[in-house]
DNA sequence: TATCTAATTTGCAAGTCTTGCTAACAAGAA
DNA sequence: TTCTTGTTAGCAAGACTTGCAAATTAGATA
Ligand SMILES: [Mn+2]
Ligand SMILES: [Mn+2]
Ligand SMILES: [Zn+2]
Ligand SMILES: [Zn+2]
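Residue numbers (our numbering), protein chains in the order written: chain A, 1161 to 1325; chain B, 1161 to 1325.
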């Protein structure tokens, strides 16, 4: 039975880094912690904010650098949905996403039936991966929407929901 | 039998525009033509290039403006896949996309089985749409890849294929 | 056809997100 | 402790998109 796959633990990453001749800096260690098991699909900016509260002075540049590094190492993936910034996902398990077009949150979702998906008319492509994105409205936003629309619970500055069917 | 749905013809759009108090400018007419039936999923920049060859002096700003307009009118959709620029799609039919991670081209694909997709664990979401994106390598790129890798047929300046599973 | 008015186009500045560059710095080896 | 080399921080710059305002023009009006 496939255990849930994800980015290695901070400790394991420490080892991996050293074995690759990379140095283990406090910035990296903090980011390892912040990303480990993180299911929020944060943007670099969001991660930077969290990191900054624990390590004032850390630079956004370093956050980007470390995230790119981890992606190259296969420890996390990029998620590009809609207009805004790239989001980062340490969940390497076979899964998909649901986006609330109102508040922009992205949630993991396991999807049954993907194996049965039959693309028609692309015999000349060698398919490697399939991504499924559900667009909808979360219950919290649904409520705020029922009455007025002042009570938007946008945690982040309400990302522009460029819908891309 | 559902006829293939797509953006209205340039003539129909002309009428739609006038009936909405919008003016019918040569720039808009040209863009209607260039987008009508266009299955290349062009970026604003790409469309601007085509438009410029037929109408020197047209501005990129106008291209963006018109595309946004058409999107608001429901005549086309935005597609945001991977890192680069937004791509525009006048195909309103229920369809999905295949992306060549090598050259970046996007092709339409009809997918059988989407109705059977069962998202698990998002009872608190009201789902409105489902998008499926296949990642792969087109036959042309596959060839160029077999031998050396100098012969990349990147039509566009090879978009960075940020894979987002 | 000439006139008028509001919509449109341009051109450029500016905003957002991400990367390039490099001097100052520090991890880890010797 | 010293030395080497990878890393960080800061800032400039690149890519994409939008804001803004002056100049232009479609289309209504007389
Ligand atoms: Mn995820
Ligand atoms: Mn399409
Ligand atoms: Zn929401
Ligand atoms: Zn290709």
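Each residue gets a CB set at the ideal place from its N, CA and C atoms; glycine is no exception.
Treat the numbers as computed from the prediction; the structure is a model and nothing was measured.
- Query: Leaving out five residues before and five after residue 1267/B in sequence, what residues of the same chain have Cβ atoms less than 6 Å from its Cβ?
  - Reply: Within the same chain, and ignoring the five residues on either side of residue 1267/B in sequence, the residues whose Cβ sits closer than 6 Å to its Cβ are 1258.
- What do you reckon, is the C-beta of residue 1249/B under 7 Å from a heavy atom of ligand 2? Under cutoff, so the answer is yes.
- Beta carbon proximity, residue 1273/A to chain B, threshold 8 Å: Interface with chain B (8 Å Cβ-Cβ cutoff): residue 1273/A is included.
- Round the Cβ separation of residue 1170/A and residue 1193/A to the nearest angstrom and send it over; I've been treating them as touching at under 8 Å. Indeed, because the Cβ distance is near 5 Å, the residues count as touching under 8 Å.
- Cβ of residue 1199/A within 7 Å of any heavy atom in ligand 2? Checking every heavy atom of ligand 2 against the Cβ of residue 1199/A, none is found closer than 7 Å.
- Excluding the 5 residues preceding and the 5 following residue 1210/A in the sequence, name in chain order all residues of the same chain whose CB lies nearer than 6 Å to its CB. These residues qualify, in order along the chain: 1194.
- If you draw a straight line from the C-alpha of residue 1189/B to the C-alpha of residue 1174/B, how long is it? C-alpha separation (whole angstroms): 8 Å.
- Can you find a CB in chain B that lies within less than 8 Å of the CB of residue 1279/A? Yes, residue 1279/A lies at the interface with chain B (some Cβ there is under 8 Å from its Cβ).
- DSSP-derived helix/strand/coil call for residue 1235/A: Note: residue 1235/A maps to coil in three-state DSSP.
- Message: Give me the subset of the segment 1283-1301 of chain A whose CB atoms are less than 7 Å from a CB atom of chain B, sorted by chain position.
- Response: Residues of the segment 1283-1301 of chain A with a C-beta less than 7 Å from any C-beta of chain B: 1284, 1285, 1286, 1287, 1288, 1289, 1290, 1291, 1292, 1293, 1294, 1295, 1296, 1297, 1298 and 1299, listed in chain order.
- Query: If you compare alpha carbons, which of 1231/B, 1214/B and 1297/B is closest to residue 1265/B?
  - Reply: Residue 1297/B is the option with its Cα nearest to residue 1265/B.
- Message: Comparing C-alpha positions only, which one of 1289/A, 1205/A, 1273/A and 1176/A sits nearest to residue 1246/A?
- Response: When each option's Cα is compared against that of residue 1246/A, the closest is 1205/A.
- Within 10 angstroms of its Cβ, does residue 1165/B collect 16 or more other Cβ (buried), or is it exposed? Exposed, since its Cβ has fewer than 16 Cβ neighbours within 10 Å.
- Item | beta-carbon residue 1268/B near ligand 2 non-hydrogen atom, thresh 7 Å | Correct: residue 1268/B has its Cβ closer than 7 Å to ligand 2.
- Go ahead and label residue 1216/B buried or exposed: buried means 16 or more other beta carbons lie within 10 angstroms of its beta carbon, across all protein chains shown. Exposed, because fewer than 16 other Cβ atoms sit within 10 Å of the Cβ of residue 1216/B.
- Message: According to DSSP, simplified to helix, strand and coil, what is residue 1172/B?
- Response: Here residue 1172/B sits in helix by DSSP.
- Message: I'd like the ranges of any alpha helix (DSSP H) spanning at least 4 consecutive residues and lying wholly in the segment 1201-1279 of chain A.
- Response: Segments of the alpha helix (DSSP H) lying fully in the segment 1201-1279 of chain A: 1204-1214 and 1220-1232.
- With 8 Å as the limit, tell me which residues of the segment 1200-1226 of chain A have their beta carbon closer than that to any beta carbon of chain B; keep them in chain order. Interface annotation for the segment 1200-1226 of chain A against chain B: empty, criterion Cβ-Cβ distance under 8 Å.
- From this set, 1202/A, 1303/A and 1179/A, which residue's C-alpha is nearest residue 1249/A's C-alpha? Nearest to residue 1249/A by C-alpha distance, out of 1202/A, 1303/A and 1179/A, is 1202/A.
- Item | Chain-ordered chain A contacts of residue 1243/B [CB-CB under 9 Å] | Within chain A, the C-beta atoms nearer than 9 Å to that of residue 1243/B come from 1238, 1240 and 1246, in chain order.
- Could you tell me which chain B residues have their CB closer than 7 Å to the CB of residue 1305/A, listed as they occur along the chain? Chain B residues near residue 1305/A: none, gap ~10 Å exceeds 7 Å.
- Item | Buried/exposed call for residue 1295/B, threshold 16 Cβ in 10 Å | Around the beta carbon of residue 1295/B, a 10 Å sphere encloses 16 or more other beta carbons of the protein chains shown; the residue is thus reported as buried.
- Is any beta-carbon of chain B found at less than 8 Å from that of residue 1260/A? Using a Cβ-Cβ cut-off of 8 Å, residue 1260/A counts as an interface residue toward chain B, since at least one Cβ of chain B sits closer than that to its own.
- Item | Alpha carbon of residue 1302/B to alpha carbon of residue 1291/A, nearest angstrom | The alpha-carbon atoms of residue 1302/B and residue 1291/A are separated by roughly 21 Å.
- Query: From this set, 1256/A, 1288/A, 1244/A and 1287/A, which residue's C-alpha is nearest residue 1278/B's C-alpha?
  - Reply: Comparing Cα positions, the closest option is 1256/A.
- With distances taken Cα to Cα, identify the nearest neighbour of residue 1191/B among 1213/B, 1179/B and 1242/B. Per the Cα distances, 1213/B.
- Using alpha carbons as the reference points, say which of 1261/B, 1231/B and 1241/B lies closest to residue 1251/B. Of the candidates 1261/B, 1231/B and 1241/B, 1231/B places its Cα closest to the Cα of residue 1251/B.
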